[in-house]
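Working notes, beginning with the structure itself.
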């Protein structure tokens, strides 16, 4: 039986069991992922006194859980020389099916869970059928399923998060108040993966197909049927990961797990599997997922920019693939079950001693660093953590700027993180702030419901939390500093309708599906339009708060609706994209209104291409939020809700608007 370890057939000198230098090189090559994980743990322990604590290490386990479960399923596919890009979308779709059937349709929870699992398996079977019988390349087949799965998730949920059943949400809780259930699920799925790979006919078939598919077919394996089973397993694991993720967030997010397929593939490759197929193991995949989680956790604790974090993760993935190439060039070959015989037994004793000494040495170094950091990492300045939904938007960049200016003025240390519009990533960041023991937290939620569990954890730890721009549901916050998005949408409707004289044809560019800002601004605009029956809405299309997408969507809408007279965009970035698409029509025959009052938006208002922007005051939001967070940390009373007014800014008053 082919297994997933690699051993060199020759030593450094070309003779079996070569000299010490060759043996050391082989040891490092064959255990590179474990070595990297140990080095990372030691380095993070040295750099941050908050890393090596029980709470934080449990956080690392929780944060690795979803990626690891997805990666276990992807391991089956990569071992068989395939690829699965759809696991993130399948995870979101499965969770959405569970939440929708259990809450909206009244289906018993256990049946809803079964339907979610069946959904994942069905998606995997479709992938397998397209690949095995349709002869589509795995990349193309699973890329198509990535789009289909995400689209179905949005269709079922109508773009809004769906509350998760309480009985299933316990999967995101802890046992005994300290042991996270997601970690237990991760371990269980890892054991299942190891069992399938090492002890079943299907597992042996995976290695055979990945090693040489034609030889496997000629030897009697029913390769097509095996591929169906392999991709069905990947879909099953994706469904399990989606359920665990939604349980952590207490809601099914239609946009959840975006990009997780890349993390899953990276974890498998970092763990020692070859993209060429034929090698891979469950323990290696788990180590790969832990490496990614340790990196993100440690970089958060060290206040490294989220942009640089992406660079670091990319470098790690590239190095992992490079190591795989070096390992194969060095002559490493898959070892069959039971290979090694007496020679293998002979080498086990000294190797065990080496590993034992390595473990003792690492434990001593880590322990010493922990003691050193515990006595030297304290700071006289209060520490505030700020988690923003995204920094890929000028509005939130301005919130960050205002918060940093206020923190500097008041002598506080401010750590800013970017959730990249991923509710799960934001949950991880909030957990990191809690385990780090910051004095207070400011959060701009990706989704108000999904932020609830993490904020409740901060509440239990006695850390005050302030919401900025958006509130947090089902959790206690010391204050909410926000503009009224619903009121802003209503003001935008009034301004556009009055500019058009109470009648005309308009289109609406919506923000990212599932975000509270898009829902609230859209609801306010719709409410405001009720007073103007002469206004006809020709189309509503999402452009994801992105300028480029705003340009593309508006260009397409102009083909279908050349007679459009007005545009309402739910942020300035999309409005500016629409202005670019309209060209000379902007500000003349077509009136465009944006939202946020960003610097670029206000320049367009001043130039006349943008009629108006419903302007918030993002810098003031950031300043007030940090001020209230520090007051709450000192035990002072804060106002429960602090409203920063919005204002419709046009060419007439833009000169006097300071933001």
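Numbering (this note's numbering), first residue to last: 836 to 1494. The beta-carbon is built from N, C-alpha and C at its ideal position, and this holds for glycine as well.
At what residue ranges does the stretch 1085 to 1171 contain a whole run of the alpha helix (DSSP H), taking only runs of 4 or more? 1095 to 1105, 1117 to 1136 and 1141 to 1164
Considering residue 921, what are the terminal residues of the alpha helix (DSSP H) in which it resides? Careful: residue 921 lies outside any alpha helix (DSSP H) and carries neither H nor E.
Determine the extent of the alpha helix (DSSP H) in which residue 982 is found, giving its start and end residues. 973 to 992
Distance check for residue 1080 and residue 1051, CA to CA, integer angstroms please. 37 angstroms
Just the Cα atoms here: how many angstroms apart are residue 1402 and residue 1383? 16 angstroms
Does DSSP classify residue 1251 as helix, strand or coil? strand
Indicate the three-state DSSP secondary structure (helix, strand or coil) for residue 1485 in the structure shown. strand
In the DSSP assignment, the beta strand (DSSP E) including residue 1376 goes from what residue to what residue? 1369 to 1377
Residue span of the alpha helix (DSSP H) that contains residue 1275, given as start and end: Residue 1275 -> not in any alpha helix (DSSP H); beta strand (DSSP E) instead, spanning 1275 to 1278.
Alpha helix (DSSP H) containing residue 900: first to last residue? 889 to 914
Using a 10 Å radius around the Cβ and a threshold of 16 neighbouring Cβ atoms, would you call residue 1488 buried or exposed? exposed
Pairwise C-alpha distance: residue 1461 and residue 1479: 14 angstroms
For residue 1341, list the residues DSSP reports as bridge partners. 1372 and 1401
Using 7 angstroms as the threshold, is the C-beta distance between residue 1268 and residue 1237 below it? no
For residue 1430, the residue or residues it bridges with in DSSP: 1449
Compare the beta carbon distance of residue 1107 and residue 1094 with 7 angstroms and say whether it is the shorter of the two. no
Please go through the same chain and pick out, in chain order, the residues whose beta-carbon is closer than 8 angstroms to the beta-carbon of residue 1027, but skip the five residues on each side of it. 907
Under 7 angstroms, do residue 1071 and residue 946 count as touching if we go by C-beta distance? no
Assumed close pair residue 1252, residue 1264 - CB separation to whole angstroms, cut-off 8 angstroms: 4 angstroms
Determine the closest residue to residue 901 out of 913, 892 and 922, with distance taken between C-alpha atoms. 922
Quick check: what's the CA-CA separation for residue 1239 versus residue 1225? 16 angstroms
What would DSSP say about residue 833, mapped onto helix, strand or coil? Any question about residue 833 goes unanswered here, given that the chain covers just 836 to 1494.
Let me check one thing: in DSSP terms, what residues is residue 868 bridge-paired to? None, per the DSSP bridge assignment.
With a threshold of 7 angstroms on Cβ separation, who are the neighbours of residue 1485 within its own chain once the five nearest residues in sequence on each side are excluded? 1440, 1446 and 1447
For residue 1244, does the count of other Cβ atoms within 10 angstroms reach 16, so buried, or fall short, so exposed? exposed
Evaluate contact between the stretch 957 to 968 and the stretch 1057 to 1075, counting only Cβ atoms and requiring at least three cross-stretch pairs below 8 angstroms. yes
Are the stretch 1374 to 1393 and the stretch 1309 to 1326 in contact at 8 angstroms, needing three or more beta carbon pairs? no
Range covered by the alpha helix (DSSP H) that runs through residue 1287: 1287 to 1295
Bridge partner(s) assigned by DSSP for residue 995: For residue 995, which the question treats as bridged, DSSP gives no partner whatsoever.
I believe residue 951 touches residue 930 by the beta-carbon criterion, under 8 angstroms. Please report the beta-carbon distance rounded to the nearest angstrom. 7 angstroms
Inspect the CB distances between the stretch 985 to 997 and the stretch 866 to 875 and report whether three or more fall short of 8 angstroms. no
For residue 1416, which of 1397, 1337, 1406 and 1031 has the nearest alpha-carbon? 1397
Are the Cβ atoms of residue 886 and residue 1246 separated by less than 7 angstroms? no
Residue 1395 beta carbon less than 7 angstroms from that of residue 1363: no
Beta-carbon within less than 8 angstroms of residue 1454's beta-carbon, same chain only, minus the 5 sequence neighbours each way: which residues are those? 1233, 1234, 1236, 1237, 1240 and 1494
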